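K.L.:
Take this structure, written in structure tokens, and hold onto it; I'll ask about it next.
2 protein chains.
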Amino acid sequence: MSLARVHNFSISLDGFGAGEGQSHDAHFGHAGDRLHEWLFATRWWQPGGSGGVDHVFAQEHRPGIGAEIMGAGKFGHPGWHEDPEWKGAWGPNPPFHTPVFVLTHHPRPPIEMEGGTTFHFIDASPAEALETARKAADGQDVRIGGGPTTIRDFLAAGLVDYLHIAVVPILLGRGMRLWNGLEGLEKDYAVEATSSPSGVTHVTFTRAGI
Amino acid sequence: MSLARVHNFSISLDGFGAGEGQSHDAHFGHAGDRLHEWLFATRWWQPGGSGGVDHVFAQEHRPGIGAEIMGAGKFGHPGWHEDPEWKGAWGPNPPFHTPVFVLTHHPRPPIEMEGGTTFHFIDASPAEALETARKAADGQDVRIGGGPTTIRDFLAAGLVDYLHIAVVPILLGRGMRLWNGLEGLEKDYAVEATSSPSGVTHVTFTRAGI
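The listed protein sequences derive, respectively, from chains A and B. For the first sequence, this note's numbering gives the first residue as 4, with consecutive numbering after it. For the second sequence, this note's numbering gives the first residue as 4, with consecutive numbering after it.
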């Protein structure tokens, strides 16, 4: 069974998965790095980092994943589709190492990067995108990589089997909300919360029977 | 030093402190009792209840409090001020046992209840209300009792010294948000999060130096 999984998706205590004012130089808008400092502090991210609950959640990001789906806003800054040479905000060796399907209304030919990542550009519904990504994943799971609106769309369509959210104890006040329009989501899942000494609380939604 | 404290204020994972459709028979709207089941399950609430982290947070509600401030919506259903006989939604022996200052644009004479609770009705700013309640508290602390807009107004005015929020793992989808307009609130506080086996996460904001 190929699952659809979300890992390490960070939101502020007031529910924003990205700040306001996203641009080429501010991938998360006015949030800056504040939503992800907990991740950068783990030994999964860098030697010498912490090895506790933040680390063990963080490292779940990779195993068993055969493809990722991401929104256009995770691939790059607003307007990237107007630059035919743009290869994404993730450097020459992106941290995905699998096929990645970028949801966009402006498809273009695939781009093969170093390290096993190939970006594919598709204009598709969540269900269609998941079907396409599952074929590419060759029996492994598919990561729904973000941003907030992409994860929300997949949750609303009932397509997510496992959701890991890291709630960071800051109030962003503005930006892109994760939870809008998801009333009663918890009914289809077992929900657990685990606070870390770092201040982050890990919340998991696990669909029954997986 | 007389502190302004918030205790046991419950919000959904998506940030709502009350549901939509509040009425005489639905004090929390479509949320029903779901935001407070964790509280009802403690031995602070009833014998035989749980004695763990939910209980120890819950029982902090009472000690050292000399007065409460609450919004009109906590005192009663929308429109209560049109009924001159209305004595609030809290029964003949309300669970406050101190002077309680109800913020309303429709002041009326005080109402003395059983058990030490007296409701006073004042049309005042947060700072004015806190000054009035502090005098009545006679050196003890003042509880800011809710609802969401009242707590938010006191937070926005910088008047809250200690804030205890219980984040309940449900998505209400609609209702009254606690956190709106509080960007950067955490800068003035030490913030901690503690998850309970019940699924609730207790988040505390403690002002430096108290």
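Every residue gets a Cβ at the ideal spot worked out from N, C-alpha and C, and that includes glycine. Source: prediction; values computed, not measured.
#1: Quick one: any contact between the stretch 143-155 of chain B and the stretch 189-206 of chain A, if contact means 3 or more CB pairs under 8 Å?
#2: If we cut at 9 Å on Cβ distances, does W182/B have a partner in chain A?
#3: Note the first and the last residue of the continuous alpha helix (DSSP H) segment covering E131/B.
#4: Considering only the alpha carbon of each residue, which of L181/A, V170/A and L166/A lies closest to A211/A?
#5: Who are the neighbours of E189/B on chain A, taking C-beta pairs under 7 Å?
#6: Going by Cα to Cα distance, which pick from N96/B, P129/B, E134/B and F104/B is closest to G118/B?
#7: My guess is that G149/A and G74/A are in contact by the Cβ rule of under 8 Å, so how many angstroms apart are they, rounded?
#8: Considering only their Cβ atoms, is the gap separating S53/A from A196/B smaller than 9 Å?
#9: Please decide whether E195/A counts as near chain B, where near means a Cβ-Cβ distance under 9 Å.
#10: Consider the Cβ of E186/A: report whether some Cβ of chain B lies at a distance smaller than 9 Å.
#11: Can you give me the C-alpha to C-alpha distance between D57/A and W47/A, rounded to a whole angstrom?
#12: Is the Cβ-Cβ distance between I14/A and V170/A less than 9 Å?
#13: Determine the chain A residues that contact V105/B at a beta-carbon separation under 9 Å, and present them in chain order.
#14: According to DSSP, what are the bridge partners of A7/A?
#15: Taking the C-alpha atoms as reference points, what is the distance between E242/B and E85/A?
#16: What residues in the stretch 14-28 of chain A bring their beta carbon closer than 8 Å to a beta carbon of chain B?
#17: Which same chain residues end up closer than 7 Å to L181/B when comparing Cβ atoms and leaving out the 5 residues on each side of it in sequence?
#18: Following the continuous alpha helix (DSSP H) through H58/B, name the residue where it begins and the one where it ends.
#19: What's the C-alpha gap between T101/B and T120/B?
#20: Kindly list the residues whose CB is nearer than 6 Å to the CB of F78/B, restricted to its own chain and excluding five residues on each side of it in sequence; keep chain order.
#21: Relative to the C-alpha of G22/B, which residue among L158/A, P200/A and G187/A is closest?
#22: Among D36/A, G51/A, R8/A and L158/A, whose alpha-carbon lies nearest the alpha-carbon of D191/A?
#23: To the nearest whole angstrom, what separates the beta carbons of A136/B and I72/B, a pair I think is in contact under 8 Å?
#24: Does DSSP classify L85/B as helix, strand or coil?
#25: State yes or no: is the beta carbon of R177/A nearer than 9 Å to at least one beta carbon in chain B?
#26: What residues in the stretch 202-213 of chain A have a beta carbon less than 8 Å from any beta carbon of chain B?
#27: Please specify which runs of the beta strand (DSSP E), each continuous and at least 3 residues long, are wholly inside the stretch 160-184 of chain B, giving them in chain order.
#28: Can you name, in chain order, every residue of its own chain whose Cβ lies under 8 Å from the Cβ of Q25/B, other than the five neighbours on each side?
#29: So, are the CB atoms of I147/A and A61/A less than 9 Å apart?
#30: Note down, in chain order, each residue of its chain lying with its Cβ closer than 7 Å to the Cβ of T107/A, except the 5 sequence neighbours on either side.
#31: Answer yes or no: do A3/B and S5/B have a C-beta to C-beta separation smaller than 9 Å?
#32: Got a sec? Which residues, its chain only, sit under 6 Å from M116/A by beta carbon, not counting five neighbours each side?
#33: What residues in the stretch 43-57 of chain B have a beta carbon less than 9 Å from any beta carbon of chain A?
#34: Measure the C-alpha to C-alpha separation of A29/A and G184/B and round it to an integer number of angstroms.
#35: Could you confirm whether any beta carbon from chain B is found closer than 9 Å to the beta carbon of S198/A?
#36: Does H27/A pass the burial test, meaning 16 or more other C-beta atoms within 10 Å, or should it be called exposed?
P.N.:
For this structure:
#1: Between the stretch 143-155 of chain B and the stretch 189-206 of chain A, the count of C-beta pairs closer than 8 Å stays below three; the two stretches do not touch.
#2: Taking the second sequence and counting its residues from 1, one reaches residue 182/B at position 179. Yes - at least one Cβ of chain A is within 9 Å of the one on W182/B.
#3: Here the question's residue 131/B lines up with position 128 in the second sequence. Run containing E131/B: P129 to A140, per the alpha helix (DSSP H) assignment.
#4: Walking along the first sequence from the start, residue 211/A turns up at place 208. The closest CA to that of A211/A, considering only L181/A, V170/A and L166/A, is found on L166/A.
#5: Taking the first residue of the second sequence as position 1, residue 189/B is located at position 186. Chain A residues near E189/B: P172, I173 and L174.
#6: As a first step, residue 118/B must be located in the second sequence, where it is residue number 115. Closest by alpha carbon: N96/B.
#7: Within the first sequence, the letter at position 146 stands for residue 149/A. Within the first sequence, the letter at position 71 stands for residue 74/A. Contact holds; Cβ gap of about 7 Å.
#8: Sequence index remark: in the second sequence, residue 196/B carries index 193 (1-based). Sequence index remark: in the first sequence, residue 53/A carries index 50 (1-based). Contact check for A196/B against S53/A fails: the beta carbons are separated by 9 Å or more.
#9: Numbered from 1 along the first sequence, position 192 holds the residue referred to as residue 195/A. Yes, E195/A counts as interfacial toward chain B.
#10: By one-based count along the first sequence, residue 186/A stands at place 183. Put simply, the CB of E186/A is near chain B, with a gap under 9 Å to one of its CB atoms.
#11: In the first sequence, residue 57/A corresponds to position 54, counting from 1. In the first sequence, residue 47/A corresponds to position 44, counting from 1. One C-alpha to the other measures close to 9 Å.
#12: One-based indexing of the first sequence puts residue 14/A at position 11. One-based indexing of the first sequence puts residue 170/A at position 167. Yes, the Cβ-Cβ distance between I14/A and V170/A is below 9 Å.
#13: Looking up residue 105/B in the second sequence gives position 102. Those do not exist, as V105/B stays about 27 Å from chain A at its closest Cβ, beyond 9 Å.
#14: Residue numbering aside, residue 7/A sits at position 4 when the first sequence is read from its first letter. According to DSSP, A7/A shares a beta bridge with V145/A.
#15: One cannot answer for residue 242/B here, as it falls past the ends of chain B, which runs 4 to 213.
#16: Against chain B - using a Cβ distance shorter than 8 Å - the residues of the stretch 14-28 of chain A are L16, D17 and G18.
#17: The residue labelled residue 181/B in the question sits at position 178 within the second sequence. Excluding sequence neighbours, L181/B sits near I14, G18, G20, P151, I154 and R155.
#18: Within the second sequence, the letter at position 55 stands for residue 58/B. Note, H58/B: alpha helix (DSSP H), V56 to A61.
#19: Taking the first residue of the second sequence as position 1, residue 101/B is located at position 98. Taking the first residue of the second sequence as position 1, residue 120/B is located at position 117. Distance from the CA atom of T101/B to the CA atom of T120/B, rounded to whole angstroms, is 5 Å.
#20: Along the second sequence, one-based indexing puts residue 78/B at 75. Correct list, in chain order: G91 and V105.
#21: Looking up residue 22/B in the second sequence gives position 19. Residue G187/A is the option with its Cα nearest to G22/B.
#22: On the first sequence, residue 191/A is found 188 positions in, with the first residue counted as 1. Of D36/A, G51/A, R8/A and L158/A, the residue nearest in Cα terms is L158/A.
#23: Looking up residue 136/B in the second sequence gives position 133. Looking up residue 72/B in the second sequence gives position 69. Indeed they touch by this definition, with Cβ atoms about 5 Å apart.
#24: Locating residue 85/B in the second sequence gives position 82, counting from the first residue. The amino acid occupying residue 85/B in the given sequence is Glu; Leu does not appear at that position. E85/B falls in the helix class under three-state DSSP.
#25: Start at 1 with the first residue of the first sequence, and residue 177/A comes out as number 174. Any Cβ of chain B closer than 9 Å to the Cβ of R177/A would place that residue at the interface, and such an atom is present.
#26: So the list reads G202, V203, T204 and V206, given in the order they occur along the chain.
#27: You should have 165-171.
#28: Here residue 25/B is taken as the residue at index 22 of the second sequence, counted from 1. Only F31, G32, G76, H80 and P81 meet the Cβ criterion.
#29: In the first sequence, the residue the question calls residue 147/A occupies position 144. In the first sequence, the residue the question calls residue 61/A occupies position 58. Contact: no.
#30: Here residue 107/A is taken as the residue at index 104 of the first sequence, counted from 1. Sequence-distant partners of T107/A (beyond 5 residues in either direction) whose C-beta falls short of 7 Å from its own C-beta, in its chain, are A75, H84, F124 and D126.
#31: Outside the modelled stretch of chain B, which goes from 4 to 213, sits residue 3/B, for which no answer is possible.
#32: Here the question's residue 116/A lines up with position 113 in the first sequence. Exclusion of the five residues before and after M116/A leaves P97 as the residues of its chain whose Cβ lies within less than 6 Å of its Cβ.
#33: Legend: CB atoms of the stretch 43-57 of chain B lying less than 9 Å from CB atoms of chain A are not found in any residue.
#34: Along the first sequence, one-based indexing puts residue 29/A at 26. Along the second sequence, one-based indexing puts residue 184/B at 181. So the two alpha carbons sit approximately 22 Å from each other.
#35: Numbered from 1 along the first sequence, position 195 holds the residue referred to as residue 198/A. Yes, its Cβ sits closer than 9 Å to a Cβ of chain B.
#36: The residue given as residue 27/A occupies position 24 in the first sequence. With fewer than 16 Cβ atoms within 10 Å of its Cβ, H27/A is classed as exposed.
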